[in-house]
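Protein chains in written order, with the numbering used here: chain A, 246 to 981; chain B, 919 to 1188.
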């Protein structure tokens, strides 16, 4: 009987063992799995950044009036309706899905009148203007607006002629052709620039009351014009010539239009011109197939000039059309053989080459949301393509390399994720963020490592028991302080004080060591007998007194010294003498605040390591005639090296990952500058600051996830390296 | 240096010690905590260049007494002494005495071998280094001669850069002896140096001690009476903090004057 109960008991124990094993291993594996899951999730969120561009043909059909010459084609923002405009001035709207004609209208041309030139007023506005062979310029409006029914959405097209202008008067002998035309509209004026049959360059600026008309031909000399282009703010007029030259007219003041600059792009004629959104970069296509991008930037002689910044894959034939994306820096170039290149200006890349039709391309457009392309060929075959290119602005080059952004004087690392307008180009260099993280960490470690390690050595090796029993819990309370509190105090309370007493704080860092040195020298003058009589712990009080005296000295001397040597204002002096700018929330303040957060980690772990060095080693060293200090630095510190190293690395990991302090105590300016008086933006703070501004699934959103992923890898690597090295050190030193 | 001739004093423990005295305790009381004597009025004269063994049951104060000679007891917070300890005629508890100098002169080997987690060379060179020897060649000479004296040179001369922790237990203990010798002390205190070792290693240590006593004064604490009989010239028997009997080892083991000593020697207690 006793055996059976014993067996029951055994079974019970076995069952308990099994359950415990399952639960414990579940916990253990759970941790590993959740870390892997976080890693995978971060990767999953940031991976779409690396997806390449794709163009997929959705529809290919023929426009049912093959004899009409189409001069413009376009899509609505949902890609449900397209329009075509033919040279007879008729505009027709069709539904893409079933090719049903929705609206047919006309710009109202006379008999025998034909459209020779067309200019879309803007990439998002709905105006366009056409120039005819009888000297008229007609401005019209095309709109395709969604209307919402109970369940569905229908796109309703509108068409309206807005303005008719007789630009050139034809005579019997001379036709009045508008050969090339560019039309823009800004808040004040309508701008028309055209080339007439006589190769004259004409400008007309008009509003409801005034009209300025000017003949710009005189500026051109002998040059024969081929193409015209104007930026979307109507400030820069660019005219391309047959000799590959470009003329830049400043037309921002209608009463004072002048030729600002001219330069040569190529030896071959300019065959197409287009400004990208943002009105800075102009893309220039030549008849030899060259595609280049220029934008104005300040040159060494302090004037603005268009500089050749981008060049893209060369076409085999003349570049005849350029269609820009209304969303980003994507543009489509099409040559006279009907071959198309999809380019992205900032990354300087031709992403895709394709040949949409057997024939040449007649007209085309990129959809308003930059997610589709519609093209029509010379035989009126229409192709509708889906364009998938969600994150063209994020490449390895833009994330980690120097990029020459519009308006900058040279390629730089820039982080500027959002701007005021749709035309703003986001700049996503992670380098300033990584730099910021490392900079903050560096200053924090410079401040915290010496303090924490010296404190740990003092507490573990020298201080009397009662003192260490005060210091240790105090430091632990430091660790419990929420970082938002530290950040708040540092950013809003400490940094103004710091700024106000900059001179005094500089002095403290000099006076404290000097006074301490004198203090030590003075102490040595005290007879040894008296020195020995001082109870343990008093040295701290004496040191503290010295410290207070030094601080008092620094503060009382600050004004005098500032007046004597730094012209009364050290900040101004720094700026004048060294061109150093002082920000109130700077790296020094962060160094102190972040260091404050890191000190408890380094202190606690290294103090443990130091205290755990066995007494037998200390005794051996002392018995050999080594002094206390010799024992500490020759025996105790090497023996605790593994633990000390681990402590420093853990502190480093904490500093890298810390968010609130760097967020609140710096200005969060993503600049690359080692100066301790500048702020910085750390990766963690950047994520915290920008997540509210990042639409889910957008480029910024994914880049922030990439940043998080990098941060994870950073800390993971540091901790792994720390674990490995401290393990090795421990093996080397700690086998007692 | 004051070399005191041993003279008869009003102390029942005084014997016919003919050698020069190097350590002398005068009415030495030791307290771990106030009012509780761990050593009670110990008067003792240890002769120079002899091996003196302290024996006695556990807790009798023999290690405490040993540690008074290089003031290792100072590390114990709250402990203090009364009376004095003279080494070469000088009271080592005098305020003028520098601890580092004293310990340089009075080396110590601990019960459990405690080499530093460094190379063999670094271990032996540690003492001279902290006492101000910095020339590499000088240190090399010191290390070599110390290792030779500790009878370890042959075993380790080809691996001086290896960690001392890779040595066997007996080798580690002899390394600790060599480390002490490197300081060229005049006195070596040994606190049960062989208690953690196997008989062969113990034998080697004892041989080493035999060699060393030609040049050094050795004071050894042991709970092993055979060891005391084998290696020592003089033996002190202690009990509950009192020095019961101190005499030539022969005398103590063959003809003890005190009954207590005899009982202990013959194994009736302890």
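For glycine and all other residues, C-beta sits at the position ideal for the given N, C-alpha and C.
In this text the structure is predicted, and so the values were computed from the model without any measurement.
Residue closest to residue 446(A), alpha-carbon to alpha-carbon, out of 492(A), 726(A), 339(A) and 585(A): Residue 492(A) is the option with its Cα nearest to residue 446(A).
Could you check the C-alpha separation between residue 927(B) and residue 961(B) for me, to the nearest Å?
The pLDDT assigned to residue 927(B) is 41, lower than 50, so where the model puts this residue is not dependable; a value taken from the coordinates is nonetheless given after this. Their Cα atoms are separated by approximately 10 Å.
Could you compute how far the alpha carbon of residue 344(A) sits from the alpha carbon of residue 937(A)? Answer to the nearest angstrom: the Cα atoms are 42 Å apart.
task: Using beta-carbon positions only, say whether residue 437(A) and residue 374(A) come within less than 8 Å of one another.
output: Between residue 437(A) and residue 374(A), the CB-CB gap stays under 8 Å.
Note to self: So if I threshold CB-CB distances at 7 Å, which residues from the region 1037-1058 of chain B count as touching chain A?
What the structure shows: For the region 1037-1058 of chain B, the set of positions with a beta-carbon nearer than 7 Å to some beta-carbon of chain A reads 1044, 1045, 1048 and 1049 in chain order.
- Message: Cβ closer than 8 Å: which chain A residues qualify as neighbours of residue 1030(B)?
- Response: The answer, in chain order, is 861.
For the region 662-673 of chain A and the region 800-815 of chain A, state whether three or more C-beta atom pairs, one from each stretch, are separated by less than 8 Å.
-> Flag = no, the region 662-673 of chain A and the region 800-815 of chain A do not touch.
In whole angstroms, what separates the C-alpha of residue 331(A) from that of residue 670(A)?
If you draw a straight line from the Cα of residue 331(A) to the Cα of residue 670(A), it comes to about 35 Å.
Which bits of chain A does residue 1191(B) rub up against, with CB to CB less than 9 Å? Because residue 1191(B) is not part of the residues shown, which for chain B are 919 to 1188, the question remains open.
Exercise. Please go through the region 388-426 of chain A and give each complete beta strand (DSSP E) segment of 3 or more residues, from N-terminal end onward.
Key: Considered as a whole, the region 388-426 of chain A harbours 398-411 as its complete beta strand (DSSP E) runs of no fewer than 3 residues, in chain order.
Residue 481(A) bridges to which residues according to DSSP? According to DSSP, which records beta bridges pairwise, residue 481(A) is partnered with 495(A).
Rounded to the nearest angstrom, what separates residue 1001(B) and residue 952(B) at their Cα positions? Their Cα atoms are separated by approximately 15 Å.
Checklist entry - Going by the beta-carbon positions, is the gap between residue 1105(B) and residue 940(B) smaller than 8 Å? => result Their beta carbons are under 8 Å apart, which means residue 1105(B) touches residue 940(B) by this criterion.
Let me make sure I understand the geometry here. Which of 254(A), 269(A), 399(A) and 282(A) has the alpha-carbon closest to that of residue 326(A)? Closest option to residue 326(A), Cα to Cα, is 399(A).
Restricting to runs no shorter than 4 residues, where is the alpha helix (DSSP H) found entirely within the region 862-923 of chain A? Segments of the alpha helix (DSSP H) lying fully in the region 862-923 of chain A: 873-876, 886-902 and 905-910.
Practice problem: Establish whether the CB of residue 1111(B) and some CB of chain A are separated by less than 8 Å. | Solution: No, no contact with chain A.
Discussion item. Please tell me whether residue 1018(B) has its Cβ less than 8 Å away from any Cβ of chain A.
Written reply: Yes - at least one Cβ of chain A is within 8 Å of the one on residue 1018(B).
Can you tell me whether residue 402(A) is buried or exposed, with buried defined as 16 or more other CB within 10 angstroms of its CB? Residue 402(A) counts as buried, since at least 16 other C-beta atoms from the protein chains shown sit within 10 angstroms of its C-beta.
### Query
Does the Cβ of residue 699(A) have 16 or more other Cβ atoms within 10 Å, making it buried, or fewer, making it exposed?
Classified as exposed, residue 699(A) has fewer than 16 neighbouring CB atoms from the shown chains inside 10 Å of its CB.
Residues near residue 1035(B) in its chain [Cβ-Cβ closer than 8 Å; skip 5 each side]:
Cβ neighbours of residue 1035(B) beyond the five flanking positions: 1081, 1082 and 1083.
- Helix, strand or coil: which one does DSSP assign to residue 430(A)? Residue 430(A) falls in the strand class under three-state DSSP.
Name the DSSP beta bridge partners of residue 364(A), please?
Partner(s): 374(A).
- Can you tell me which of the three DSSP states residue 1146(B) falls into? Under the three-state reduction of DSSP output, residue 1146(B) falls in the helix class.
### Query
How about residue 854(A): is its C-beta nearer than 8 Å to some C-beta of chain B?
No, residue 854(A) does not count as interfacial toward chain B.
Buried or exposed: which applies to residue 946(A), given that a residue is buried once 16 or more other Cβ atoms fall within 10 Å of its Cβ?
-> Buried, since its Cβ has 16 or more Cβ neighbours within 10 Å.
So residue 764(A) and residue 926(A) are in contact, right, with Cβ under 8 Å, and what is the actual spacing, rounded? Separation of the CB atoms of residue 764(A) and residue 926(A) is rounded to 41 Å, and the pair is thereby denied contact status at 8 Å.
Could you check the C-alpha separation between residue 931(B) and residue 704(A) for me, to the nearest Å?
For residue 931(B), the pLDDT reaches just 44, beneath the cut-off of 50, and the residue's location in the model is therefore unreliable, although a value from the coordinates is still provided. Distance between the alpha carbons of residue 931(B) and residue 704(A) is about 46 Å.
Task: Boundaries of the beta strand (DSSP E) in which residue 1161(B) is found, first to last residue - done: Segment 1160-1166, the beta strand (DSSP E) holding residue 1161(B).
- Message: Can you check which of these residues, 913(A), 942(A), 954(A) and 885(A), is closest to residue 972(A) by C-alpha distance?
- Response: Of the listed residues, the one whose Cα sits closest to residue 972(A) is 885(A).
Between residue 1088(B) and chain A, is there a C-beta pair that is closer than 8 Å? Output row for residue 1088(B): interface = no.
Item checked: residue 486(A) and residue 515(A) closer than 8 Å at C-beta -> Less than 8 Å separates the beta-carbon of residue 486(A) from that of residue 515(A).
How big is the Cα-Cα spacing for residue 484(A) and residue 957(A)? In this structure, the CA atom of residue 484(A) is about 52 Å from the CA atom of residue 957(A).
#### Entry: residue 591(A) and residue 643(A) closer than 8 Å at C-beta
For residue 591(A) and residue 643(A), yes; Cβs fall inside 8 Å.
Would DSSP call residue 1024(B) helix, strand or coil? Strand.
query = What residues of chain B sit near residue 872(A), judged by a beta carbon separation below 7 Å?
reply = Correct list: 1018.
ask   = With a Cβ-Cβ cutoff of 8 Å, do residue 1068(B) and residue 1099(B) count as a contact?
value = Yes, they are a contact pair.
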